[in-house]
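Asks: Handing you this structure, nothing more for now.
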Amino acid sequence: MKRKNYKTISNSQISVASYQRSGQLLLAIPVLAVLVVLLLLSYMVMTTLTVFNTAERANYEKKISLQSASIANLESKLSLINKNITPVLATTKGFQETKSVKYVTVKPIRSAMSGNEMEF
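In terms of numbering that gives the first Met the number 0, the sequence shown opens at residue 0 and continues consecutively.
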């Protein structure tokens with residue numbers, strides 16, 4: 000049996016190849032460390048933003064409930080005032096009978112929001 004074109008590798012060539020691989024590893028370790036640090040920082044920022052947004056949402060829900068209570072109070076006052084207005088009083092104040100009637104429906108604020116969605 001004859002050997003065909005097999006090259007012999009000396010010990011110096013092996014040591015150069017292993018040195019090149021170890022050099023690549025020495026370069027990869029700091030790059031990976033920087034990458035891990037950046038990922039940790041981005042995780043911390045995202046977590047902080049989530050907590051901040053949750054607190055802001057709670058504040059807005061509180062403001063919405065206060066506004067809703069205020070609107071309900073004004074609607075009840077309006078209904079009491081409407082009970083005292085008669086057609087005679089209205090005509091003495093200058094109001095005239097309308098020729099066409101247009102109705103407007105108003106949904107309460109809470110029923111306009113579906114689930115966890117808030118619309119501003």
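Every residue gets a Cβ at the ideal spot worked out from N, C-alpha and C, and that includes glycine.
Let me know the secondary structure DSSP gives F94 once reduced to three states.
Replies: coil
Asks: State the Cα-Cα distance for the pair P60 and N52, rounded to the nearest angstrom.
Replies: Correcting the residue identity first, residue 60 is Glu in this sequence and not Pro. Whole-angstrom Cα-Cα distance: 12 Å.
Asks: In angstroms with no decimal places, state the Cα-to-Cα distance between L73 and T49.
Replies: Straight-line Cα distance between these residues: approximately 36 Å.
Asks: Which full runs of the alpha helix (DSSP H) of 4+ residues lie inside the stretch 51–98, going along the chain?
Replies: 86–91
Asks: Between the C-alpha atoms of L40 and S78, what's the straight-line distance to the nearest angstrom?
Replies: 57 Å
Asks: Assign V103 to one of three DSSP states: helix, strand, or coil.
Replies: coil
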